[in-house]
Amino acid sequence: MTRTTLYGWGRTTPSVAAVVSPSSETEVASELASSKELIARGLGRSYGDAAQLSGGTVLDNRDLDGIGAIDADGVVCVGAGTSIDELLTLSIPQGWFVPVTPGTRQVTVGGAVAADVHGKNHHVDGSFANHILEMRLITPVGAVTVSPTRDPELFWATVGGMGLTGVVSTVTMRMLRIETDQVLVDTERFSELDGVMSAMSSGDAAYRYSVAWVDCMTRGAHMGRAVLTRGDHAARGDVDAPSLRGPKAPRLFVPFNAPSGLLNPLTVKAFNEVWYRSSPRRQSGEAKSLSTFFHPLDGVRDWNRLYGRRGFVQYQFCVPDSAGDTVVGAIDRLSSSGVASFLAVLKRFGPANQGLLSFPMPGWTLALDLPVGNPALPQVLDDLDEKVLEAGGRIYFAKDARLSPDKVRAMYPQLDAFLAVKNRVDPEHRLASDLAHRLQLTGK
Amino acid sequence: MENAFGQPQNVVVLGGSSDIARAITKKLCAARANTVVLAGRSQDLLDAAAAEAHEYGATRTDTVIFDAMVPLDAGRAVGECFDKVGDKVDLVIVAVGLLGDQRAYEDDPELATRMAMVNFTWPVAALAEIRRRLVAQGSGRILVITSVAAIRVRRGAYLYSGAKAGLDRLCDGLADSLDGTGVTLQILRPAFVRSKMTTGEKETPFSTGVNEVAENVMKGLAGTERVIWSPPLVKYVFAVLRHLPAPIWRKVADR
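Those sequence lines, one after another, are chains A and B. Quick note, the numbering used here runs 40 ahead of the 1-based positions in the first sequence. Quick note, the numbering used here runs 45 ahead of the 1-based positions in the second sequence.
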């Protein structure tokens, strides 16, 4: 047991905790019994303070690994500490892909459950929990198996529950059959926001995967210009040399923290310009590798260091379909505030699942990376919170490092139901994180 | 917990009725602070400061009384503040100080002792308890208000400035001692601030109002620099002044 300083991916708000690495359910249970407060942590890809706990015990789940055999229906049992990268390395050669992947492979399956992560296919396939058959959960009152039919309350509190109902040890899920390691991608460039939003509203249903990268720095007529990429897995006949190869290790890395001002409005504007100009106006059926399409940033290890010592926050919200103007308003506010923001990611969400604290709801989601340092930024984001709340939307806990606790209940109307389940399995409030303390999710 | 912008939610202010402390508290409450415990020597002044904190957004306030002439009581006062927060403390502000009338004090051992107690000994005792509790907590931030006068002590106020210099130097080491604990300490070095403590004093160049100081504190808390200068420019001014030969310094300081 060592005292370690832990950060989120955004490298803001460090805190110190005792880190332990259990390798069995028994060891997890004994840590739970002996700790005052505890939270599980995977690969630390939550942007804010979700996987750290000052003064408490942080359970590094990486030794709770292992991948079972994938059966003929694609059902596989994996340890919660297994990363999606490790799973794909094994599964792609056998013709299976994860049913949902976030923008990085470097998350553990346990983390994917805790945040109920979504991918570019949410409008078709829903979020991670939709593909889970059952899972083992170690709670302070004992280890249980939960599923949508076995203690469904606890199951739906755990997915999206940010690790606050227990420690997941194994997950049984159904994988997606693929014939090749390629994706056929249609790319379209739009000179303003309305164009891309209407193309997504009308056309996303025809694609399994869809995402738009939006430039939040250009003002005026070209505000919100975007590149929309949509596609589906290539069948064997679609490509000349079909193959099934797993992901490659990153070739590039950022060796040290860049100066905090490296990503400033000037450099980011220049980057966005180059990116926009170099994208094709319209291109269809281009074959891309799974990694290039799903995990472009995984090609550069430790890219978060580019934001320097002060770090950055990611702001991700979702709003219902009817509130498309909130998305427009948010991009307008950011582009006029002078806050440097790299390309924002715009996506459509399909139906929500029953996760009590699960983030997605049908409509739009926008995510932006913003360097800490501009004194206007805290207020700009607080104002955006109000707009999101008015529109009936919410903020994603896995990304958050700055939301105010008084907004959480309105954004997550099932919060009380969640806390009731949490108190049932954690009557002494042992499961907590810095995020839970900040947003008052501990149940105390 | 403090958020990514250095905006705390649970705050303890020692010397909570001072003008600078009140201006900072208001800004903190307008951002994220919801639980605020104010400590000081006068219940009436603390109640007024607490009411102000409420007005600016705090949902829970409490007060603790202490006497800065009794350093051995500092541990009790700090402990009571933490207990009244009842949760993790994100930020402790040490804003205890007394300027006084140097001329009246400088040849009086008892009054000179008083200046050292209030400006140095009590804060040092309090910091020991704050350090112990925050390190155990694994997170938190300390903001200690010293003065630009700590960088070059002036003959017209050497009792005050000298004690602040001691506190300032001590905090530099204390901040280093916190490396790896999850706790950080920042030093606020304001130039002359127009407030009730300085009423009747002659204003020096680079003087500011309390709200400007609070604004600089908010910017400082969002960053990682150990020293917060207010106004920021005095950092460079004092980089020069500290090296002036004494005869020239006396002339400059007396102006």
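Backbone N, C-alpha and C fix where the C-beta goes; we use that ideal spot for every residue, glycine too.
Practice task
Could you name the residues of chain A that B/Gln231 contacts, counting a contact when the two beta carbons are closer than 8 Å?
Solution key: Against the second sequence, residue 231 of chain B aligns to sequence position 186. Ordered by position in chain A, no residue passes the 8 Å Cβ test against B/Gln231, which lies about 14 Å from the chain.
Practice task
Verify whether the separation of the beta carbon atoms of A/Val354 and A/Tyr87 is less than 8 Å.
Solution key: Residue mapping note: residue 354 of chain A aligns to position 314 of the first sequence, counting from 1. Residue mapping note: residue 87 of chain A aligns to position 47 of the first sequence, counting from 1. Sequence check: residue 354 of chain A is Gln here, not Val. Cβ distance < 8 Å, so A/Gln354 and A/Tyr87 count as in contact.
Exercise for the section: Count the other CB atoms, across all protein chains shown, that sit within 10 Å of the CB of B/Gly225; report buried if there are 16 or more and exposed otherwise. Expected result: The sequence position of residue 225 of chain B within the second sequence is 180, counting from 1. So B/Gly225 counts as exposed.
Practice task
Answer yes or no: does any C-beta atom of chain A fall closer than 8 Å to that of B/Phe50?
Solution key: For this step, residue 50 of chain B is matched to residue 5 along the second sequence. Yes, because at least one Cβ of chain A sits closer than 8 Å to the Cβ of B/Phe50.
Exercise for the section: Note down, one range per segment and in chain order, each alpha helix (DSSP H) of at least 4 residues found wholly within the region 210 to 261 of chain A. Expected result: You should have 233 to 243.
Practice task
Note down the Cα distance separating B/Asp107 from A/Asp456, rounded to an integer number of angstroms.
Solution key: Counted from its first residue, the second sequence places residue 107 of chain B at position 62. Counted from its first residue, the first sequence places residue 456 of chain A at position 416. For B/Asp107 and A/Asp456, the distance between alpha carbons rounds to 28 Å.
Exercise for the section: Determine the direct distance from the alpha carbon of A/Leu421 to that of A/Tyr316, and round the result to whole angstroms. Expected result: Counting from one through the first sequence, the residue named residue 316 of chain A turns up at place 276. Counting from one through the first sequence, the residue named residue 421 of chain A turns up at place 381. About 26 Å.
Handout entry: Per DSSP, cross-strand counterpart(s) of A/His273
Key = Your numbering for residue 273 of chain A matches position 233 in the first sequence. Residue pairing for A/His273: DSSP places it in a beta bridge opposite A/Val223.
Practice task
Using 7 Å as the cut-off, classify the Cβ of A/Met175 as near or not near the heavy atoms of the ligand SAH, replying yes or no.
Solution key: Absence of the ligand SAH from the depicted structure is noted, as is the absence of any ligand whatsoever, leaving it without description.
Exercise for the section: Could you tell me which residues DSSP puts in a beta bridge with A/Lys160? Expected result: Numbered from its first residue, the first sequence carries residue 160 of chain A at position 120. BP columns for A/Lys160 are empty, so no partner.
Problem - Residue from B/Gly145, B/Asp135, B/Ala49, B/Ala84 with nearest C-alpha to B/Gly60 - result: Residue numbering aside, residue 60 of chain B sits at position 15 when the second sequence is read from its first letter. Ranking B/Gly145, B/Asp135, B/Ala49, B/Ala84 by Cα distance to B/Gly60 puts B/Ala84 first.
Practice task
Return the chain-ordered list of same chain residues with a C-beta closer than 8 Å to the C-beta of B/Tyr150, the five sequence neighbours on each side being excluded.
Solution key: For the purposes of this step, residue 150 of chain B is taken as residue 105 along the second sequence, with counting starting at 1. Cβ within range, chain order: Leu156, Ala157, Arg159, Met160, Leu204.
Problem - Where A/Val181 falls, given that 16 or more other Cβ within 10 Å makes a residue buried - result: Sequence index remark: in the first sequence, residue 181 of chain A carries index 141 (1-based). When all chains shown are included, A/Val181 counts as exposed.
Problem - Pair within 8 Å by beta-carbon distance, A/Ala266 and A/Asp280 - result: Start at 1 with the first residue of the first sequence, and residue 266 of chain A comes out as number 226. Start at 1 with the first residue of the first sequence, and residue 280 of chain A comes out as number 240. Contact: no.
Handout entry: Per-residue burial, B/Ile273 [other beta carbons within 10 Å of its own, 16 or more giving buried]
Key = In the second sequence, the residue the question calls residue 273 of chain B occupies position 228. Per the 10 Å Cβ criterion, buried.
Exercise for the section: Check each candidate in A/Met401, A/Ala261, A/Gln134 and name the one with the smallest Cα separation from A/Gly235. Expected result: The count along the first sequence starts at 1 and reaches residue 235 of chain A at position 195. Closest option to A/Gly235, Cα to Cα, is A/Ala261.
Practice task
Determine the chain B residues that contact A/Ala57 at a beta-carbon separation under 7 Å, and present them in chain order.
Solution key: Position 17 of the first sequence, counted from the start, is the residue given in the question as residue 57 of chain A. Here the neighbours are Gly183.
Practice task
Answer with yes or no whether the minimum CB distance from A/Arg349 to chain B is below 8 Å.
Solution key: Residue mapping note: residue 349 of chain A aligns to position 309 of the first sequence, counting from 1. Taking Cβ atoms only, chain B reaches closer than 8 Å to A/Arg349, which makes this a yes.
Problem - Nonlocal neighbours in the same chain, by C-beta distance under 6 Å from B/Val193, ignoring five residues either side - result: On the second sequence, residue 193 of chain B is found 148 positions in, with the first residue counted as 1. Answer for B/Val193: Arg234, Ala236, Val279, Phe283, listed in chain order.
Handout entry: Cross-chain neighbours of A/Ala80 in chain B, by beta carbon under 8 Å
Key = Counting from one through the first sequence, the residue named residue 80 of chain A turns up at place 40. None at all; the shortest Cβ gap to chain B is about 17 Å.
Practice task
Compare the C-beta of A/Arg442 with all C-beta atoms of chain B and state if any pair is closer than 8 Å.
Solution key: Within the first sequence, numbered from 1, the residue matching residue 442 of chain A stands at position 402. Chain B contact via Cβ: present.
Handout entry: B/Thr269 at chain A interface by Cβ criterion, 8 Å
Key = For the purposes of this step, residue 269 of chain B is identified with residue 224 of the second sequence, where counting begins at 1. Yes, contact with chain A.
Problem - Near-chain A residues of the region 115 to 135 of chain B (beta-carbon distance less than 8 Å), N- to C-terminal order - result: Listed by position, the residues of the region 115 to 135 of chain B near chain A (Cβ gap below 8 Å) are Asp132, Lys133.
Exercise for the section: Identify the continuous alpha helix (DSSP H) that holds B/Asp107 and give its terminal residues. Expected result: Taking the second sequence and counting its residues from 1, the one referred to as residue 107 of chain B is at position 62. Secondary structure note for B/Asp107: it is in no alpha helix (DSSP H), and the uninterrupted beta strand (DSSP E) holding it is 105 to 110.
Practice task
Identify every residue that forms a DSSP beta bridge with A/Leu397.
Solution key: In the first sequence, the residue the question calls residue 397 of chain A occupies position 357. None; A/Leu397 has no bridge partner.
Exercise for the section: Counting only the same chain and skipping the five closest in sequence on each side, list residues whose C-beta sits under 7 Å from that of A/Tyr452. Expected result: Here residue 452 of chain A refers to the residue found at position 412 of the first sequence. The residues are Leu397, Arg434.
Exercise for the section: Just grab the DSSP bridge partners of A/Ala384 for me. Expected result: Position 344 of the first sequence holds residue 384 of chain A. DSSP output for A/Ala384 lists A/Val254 as bridge partner(s).
Practice task
Look at B/Arg186 and B/Leu136 and say whether their C-beta atoms are less than 8 Å apart.
Solution key: In the second sequence, the residue the question calls residue 186 of chain B occupies position 141. In the second sequence, the residue the question calls residue 136 of chain B occupies position 91. In this structure, B/Leu136 lies closer than 8 Å to B/Arg186 by Cβ.
Handout entry: First through last residue of the alpha helix (DSSP H) which encompasses A/Asp422
Key = Sequence index remark: in the first sequence, residue 422 of chain A carries index 382 (1-based). That run of the alpha helix (DSSP H) goes 417 to 430.
Problem - Segment limits, beta strand (DSSP E) that includes A/Asp409 - result: As a first step, residue 409 of chain A is located in the first sequence; it is residue number 369 there, counting from the start. Residues 403 to 411.
Practice task
Measure the alpha-carbon distance for A/Ser479 versus A/Ala460 and round it to whole angstroms.
Solution key: Taking the first sequence and counting its residues from 1, the one referred to as residue 479 of chain A is at position 439. Taking the first sequence and counting its residues from 1, the one referred to as residue 460 of chain A is at position 420. Looking at the sequence provided, one finds Leu at residue 479 of chain A rather than Ser. Rounded to the nearest angstrom, the two C-alpha atoms are 16 Å apart.
Exercise for the section: Pair every Cβ in the region 52 to 67 of chain B with every Cβ in the region 101 to 119 of chain A, then say whether three or more of these pairs are closer than 8 Å. Expected result: Not touching, per the Cβ criterion.
Exercise for the section: Output yes or no for whether 8 Å exceeds the beta carbon distance between A/Glu326 and A/Thr227. Expected result: Stepping through the first sequence from its first residue, residue 326 of chain A is reached at position 286. Stepping through the first sequence from its first residue, residue 227 of chain A is reached at position 187. Yes, the pair counts as a contact, with Cβ atoms nearer than the cut-off.
Problem - Neighbour flag for B/Gln88 against chain A, beta carbons, 8 Å - result: For the purposes of this step, residue 88 of chain B is identified with residue 43 of the second sequence, where counting begins at 1. Not a single C-beta of chain A is nearer than 8 Å to the C-beta of B/Gln88.
Exercise for the section: Name, going along the chain, the residues of the region 464 to 484 of chain A whose beta-carbon falls closer than 7 Å to a beta-carbon of chain B. Expected result: Asp474, His477, Arg478
Handout entry: A/Arg388 burial status per 10 Å Cβ neighbour count (16 or more: buried)
Key = As a working mapping, residue 388 of chain A is identified with position 348 in the first sequence. Classification of A/Arg388: buried, given that the 10 Å Cβ count is 16 or more.
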